[in-house]
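Terminal number for the sequence shown in our numbering: 232, no gaps in between. Scroll down for the structure; my scribbles are underneath it.
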Amino acid sequence: MLLYLEIRQYLFTLIAQQPKTKKLPSERELVDTFKSTRITVREALISLEAEGMIYRLKRKGWFICPPRLQWDPIQKVNFYQLAQEHHFIARTQLISIKKINLTNDISLAFSRDSTSPSLYEICRVRSLDDRPVMVEEIYCQVEQFHGLDDKALEGSITTIFTNDYGIEVTKESSTISVTTLPENKAQHLQLNSGASCLKIIRKRFSADASLVDYNIEYWVHSAIEIAVESS
């Protein structure tokens, strides 16, 4: 058996026998145990990472993946509710909020409802049990949400829209694709640029079919799975 396969089998067995173990042995420990090279050890680790069994955080090491967050794209999404249903502790970190003028597809999406090109761009990182799993960019109209940059945006923006501005999200549409993480997103997830991710573009609408916000989400591929129920 090739050495990287032997290391892979050792790690696979370790995961199966000790499912509550969170952190795997370090690459240096595996090199010493198997009298191997770091390249061979990493080949074994990357093969398990590709299968969604383990994940790596920069400067922290390799960890066993917990059960994935199940998302039904047919349903409206509430991150904190989903996390609670799957026994995760959810956290949101605000990275930035700024006013921008766009002339691309995002601003065009708002053109039916507004003559102003000025939008808020909000960047946040979502975590489950202190593991960063998603970076999101949220775009909404400045003229519709004056003073949003003064709000506490680490919680539910949907709740702020409803309670502070009287705007309720009643409908969503999502586009899902598999891609790789750009550098500016990967750093927030403590991953290398080019890592696989699930990209979700989500448009959310009010009862009168006006676009409320335009979201772009980059999910760590091993953190989420899609589960759809049809009647």
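Heads up, the beta-carbon is just placed ideally off N, CA and C, and yes, glycines get one too. Bear in mind that the values here come from a model prediction, so they are computed numbers and not experimental data.
Please report the straight-line C-alpha distance between residue i and residue j, rounded to a whole angstrom.
i: E155; j: K200; result: 21 Å
i: T160; j: D151; result: 15 Å
i: L25; j: I96; result: 30 Å
i: S235; j: P133; result: In the structure displayed, the chain extends from 2 to 232; residue 235 sits before or after that span and is not available.
i: S157; j: N185; result: 24 Å
i: Q82; j: A91; result: 9 Å
i: Y121; j: K99; result: 6 Å
i: V32; j: A187; result: 27 Å
i: K77; j: F206; result: 11 Å
i: R39; j: T14; result: 20 Å
i: D73; j: S211; result: 23 Å
Any idea if residue i is buried or exposed, counting beta-carbon neighbours within 10 angstroms, 16 or more meaning buried?
i: V229; result: exposed
i: L109; result: exposed
i: M135; result: buried
i: H147; result: exposed
i: A224; result: buried
i: I55; result: buried
i: Q18; result: exposed
With H, G and I counted as helix, E and B as strand and the rest as coil, what does DSSP make of residue i?
i: I90; result: coil
i: I75; result: coil
i: I217; result: strand
i: Q82; result: helix
i: T176; result: strand
i: R43; result: helix
Suppose the cutoff is 6 Å on Cβ atoms and the five residues either side in sequence are ignored; what does the same chain contact list for residue i look like?
i: L4; result: S37 and T41
Taking 8 Å as the limit between beta carbons, can you name the residues of its chain near residue i, skipping five residues before and five after?
i: L70; result: L83, A84, H87, F89, L129, V134, A224, I225 and E226
Three or more C-beta pairs below 8 Å linking the stretch 184-194 and the stretch 57-70: yes
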